[in-house]
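So the structure is just underneath, and the comments pick up after that.
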Amino acid sequence: MARKSPTVTYTAGGRTRTRSERRHVFGTVEQLPSGNYRAVYTGTDGHRYKSKVFDVRDDAERYRAKTEAEVRAGTWQPPATIDATIFKDYAATWVQQHRTGRGKPLAPRTKAEDTRMLGHGLSYFDGYALATITPALVRKWHAKRCKEAGATSAGNEARVLKSILSQALKDGTIKRNPVAGELTHSITGVEHHAPTATQVAEIIDNVEPKWRAALYIAAYGGLRAGELSALQRRDVSISGGRVTISVSKQAQYVNGKWVTKAPKSAEGVRTLTLPEWLTPIVSGHLDTYVDKFPLSKLFSPARGDGYVSTATWGRILHKAMKSAGITTPMHWHDLRHFFGSALAARGVGIKQLQGALGHATARASLIYLEPVNGMSADVADLMPKPSDSETKTVPFPTQERKQA
1 MARKSPTVTY TAGGRTRTRS ERRHVFGTVE QLPSGNYRAV YTGTDGHRYK
51 SKVFDVRDDA ERYRAKTEAE VRAGTWQPPA TIDATIFKDY AATWVQQHRT
101 GRGKPLAPRT KAEDTRMLGH GLSYFDGYAL ATITPALVRK WHAKRCKEAG
151 ATSAGNEARV LKSILSQALK DGTIKRNPVA GELTHSITGV EHHAPTATQV
201 AEIIDNVEPK WRAALYIAAY GGLRAGELSA LQRRDVSISG GRVTISVSKQ
251 AQYVNGKWVT KAPKSAEGVR TLTLPEWLTP IVSGHLDTYV DKFPLSKLFS
301 PARGDGYVST ATWGRILHKA MKSAGITTPM HWHDLRHFFG SALAARGVGI
351 KQLQGALGHA TARASLIYLE PVNGMSADVA DLMPKPSDSE TKTVPFPTQE
401 RKQA
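This is the structure in structure tokens:
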């Protein structure tokens with residue numbers, strides 16, 4: 001049965017009439033004297049526009065239909081506006097308006113770092129219109145930055161570039177993101193692994209006494225450098241022979257001044273219990289190096305009223321490593337890596353590990369797991385043995401059964 005076309009009823013000359021509904025067609029496709037085709041349409045601004053030339057009519061029709069969809073969705077922009085959107089101006093607005101995946105403003109340090117990258121490596125694109133940034137141009141820039149600043153810096157800058165252009169894609173300013181995902185994952189240098197328990201012990205033995213408790217807490221509590229720097233006397237409790245530490249903030253040096261803020265995620269606010277054998281060490285540090293006021297810093301910098309910086313923690317670590325004769329490449333953050341890997345090696349589940357490390361996602365915690373080839377006997381013995389009622393396995397016949 002043929003489908004009836006929609007009809008409309010109207011009055012003309014005093015009589016009621018019915019006719020088929022006239023469908024409005026957006027734009028047209030015209031054929032040029034050359035035999036090629038192009039779409040012609042009227043934009044929402046009332047101006048008439050012509051597309052680029054296509055060899056095939058179907059391509060011109062697809063362009064017309066795509067433009068119609070953009071107009072209906074309210075995302076269409078005049079071609080001249082799109083072509084005139086300059087990267088430098090768009091990026092400056094992006095860094096001020098960009099939000100985290102949870103809809104929160106960027107942390108001051110993150111915003112400062114993104115601004116720094118826009119003023120350095122990403123300034124390469126300042127004069128380019130967004131629509132003219134191609135995959136080939138991005139690859140050329142990335143190769144140049146790898147030589148100038150190293151693959152890690154190039155990868156970090158590519159990550160920001162991809163984020164900016166992803167927003168431009170959502171805005172309809174560009175048609176696709178020219179930044180390939182693999183460019184954002186570039187790393188350089190020596191691969192770092194968690195230090196061994198022996199190395200941690202040797203480092204702690206060779207560190208200055210005033211910093212010894214800090215290394216213990218970093219390695220056996222898993223605190224980030226900024227979280228460690230922000231600790232105050234009131235954050236430490238000793239009860240029942242155990243030390244608990246409340247982690248609720250971190251210290252960061254941003255734009256020439258110190259700021260304290262919440263940890264990287266809501267899950268970063270946590271309470272940690274340290275091993276029982278650490279109680280006298282932490283208690284001794286409190287008695288010897290920390291003022292009696294609740295707001296007194298657990299670890300004070302040598303000079304000034306600020307906090308111990310990440311760079312200072314690194315110097316403290318490397319000085320102790322040198323005294324211990326340890327030449328393995330290591331960062332302060334590797335002490336946190338030691339903490340996460342040690343917990344995982346002792347069978348702590350991923351959710352417990354996530355909570356101890358203060359991660360928002362389980363995926364973030366997986367980074368701290370050290371790869372192990374095969375399975376050792378002690379790990380194999382952790383597997384539960386099924387009872388006779390739970391298994392359908394038929395036992396091998398014993399010698400007695402064979403004789404029977």
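Those letters in the sequence shown? Residues 1 to 404, by UniProt numbering. For glycine and all other residues, C-beta sits at the position ideal for the given N, C-alpha and C. Keep in mind it's a predicted model, so treat the numbers as computed, not measured.
Specify the secondary structure class of Arg116 as computed by DSSP and reduced to three states. Counted from its first residue, the sequence shown places residue 116 at position 116. Correct three-state label for Arg116: helix.
Three-state secondary structure (DSSP) of Thr16: The count along the sequence shown starts at 1 and reaches residue 16 at position 16. Strand, per DSSP.
Mind checking Val29: buried by the 16 CB within 10 Å criterion, or exposed? Against the sequence shown, residue 29 aligns to sequence position 29. Counting Cβ neighbours within 10 Å, Val29 comes out buried, since at least 16 surround it.
Expressed to the nearest angstrom, what Euclidean distance is found between the alpha-carbon atoms of Ala251 and Thr260? Start at 1 with the first residue of the sequence shown, and residue 251 comes out as number 251. Start at 1 with the first residue of the sequence shown, and residue 260 comes out as number 260. Cα to Cα, the separation comes out at about 4 angstroms.
8 angstroms CB neighbourhood of residue 406 in its chain, flanking five on each side removed: No information on residue 406 is available, as it lies outside the stretch 1 to 404 that the chain covers here.
Is there a Cβ of chain D sitting closer than 9 angstroms to that of Arg242, yes or no? Protein chain content of the structure displayed is limited to a single chain, and chain D is not contained in it.
Any chance you could list the alpha helix (DSSP H) runs of at least 4 consecutive residues sitting entirely within the stretch 33-118, in chain order? 57-73, 79-83, 87-97
From the DSSP output, read off the bridge partner residues of Ile238. The residue given as residue 238 occupies position 238 in the sequence shown. DSSP output for Ile238 lists Val243 as bridge partner(s).
Backbone CA spacing between Ser34 and Thr115 [nearest angstrom]: For the purposes of this step, residue 34 is identified with residue 34 of the sequence shown, where counting begins at 1. For the purposes of this step, residue 115 is identified with residue 115 of the sequence shown, where counting begins at 1. Approximately 50 angstroms between the Cα atoms of the pair.
Between which two residues does the alpha helix (DSSP H) harbouring Val308 extend? The count along the sequence shown starts at 1 and reaches residue 308 at position 308. Per DSSP, Val308 belongs to no alpha helix (DSSP H) and is neither H nor E.
Cβ separation of Arg233 and Leu169, assumed to be a contact under 8 angstroms, to the nearest whole Å: Taking the sequence shown and counting its residues from 1, one reaches residue 233 at position 233. Taking the sequence shown and counting its residues from 1, one reaches residue 169 at position 169. Not confirmed; about 50 angstroms, so no contact.
According to DSSP, is Asp205 helix, strand or coil? Against the sequence shown, residue 205 aligns to sequence position 205. Residue state, collapsed to three classes: helix.
At what residue ranges does the stretch 118-154 contain a whole run of the alpha helix (DSSP H), taking only runs of 4 or more? 135-149
For Lys292, list the residues DSSP reports as bridge partners. Taking the first residue of the sequence shown as position 1, residue 292 is located at position 292. Looking at the DSSP assignment, Lys292 forms no beta bridge with any residue, so it has no partner.
So, Ile238 versus Ser283, is the Cβ gap smaller than 9 angstroms? Taking the first residue of the sequence shown as 1, we reach residue 238 at position 238. Taking the first residue of the sequence shown as 1, we reach residue 283 at position 283. Yes.
Closest by C-alpha distance to Ser248, when choosing among Gly240, Ala230, Glu61, Ala154: The residue you call residue 248 lines up with position 248 of the sequence shown. The shortest C-alpha separation from Ser248 is found at Ala230.
Spell out the partners DSSP gives residue 405 in its beta bridges. With the chain covering 1 to 404 only, the question about residue 405 has no answer from this structure.
Grouping DSSP H, G and I as helix and E and B as strand, with all else coil, what is Trp332? Residue numbering aside, residue 332 sits at position 332 when the sequence shown is read from its first letter. Coil, per DSSP.
Could you work out which residue in Arg72, Val71, Gly340 is closest to Arg224 when comparing CA atoms only? In the sequence shown, residue 224 corresponds to position 224, counting from 1. Here the closest residue by C-alpha is Gly340.
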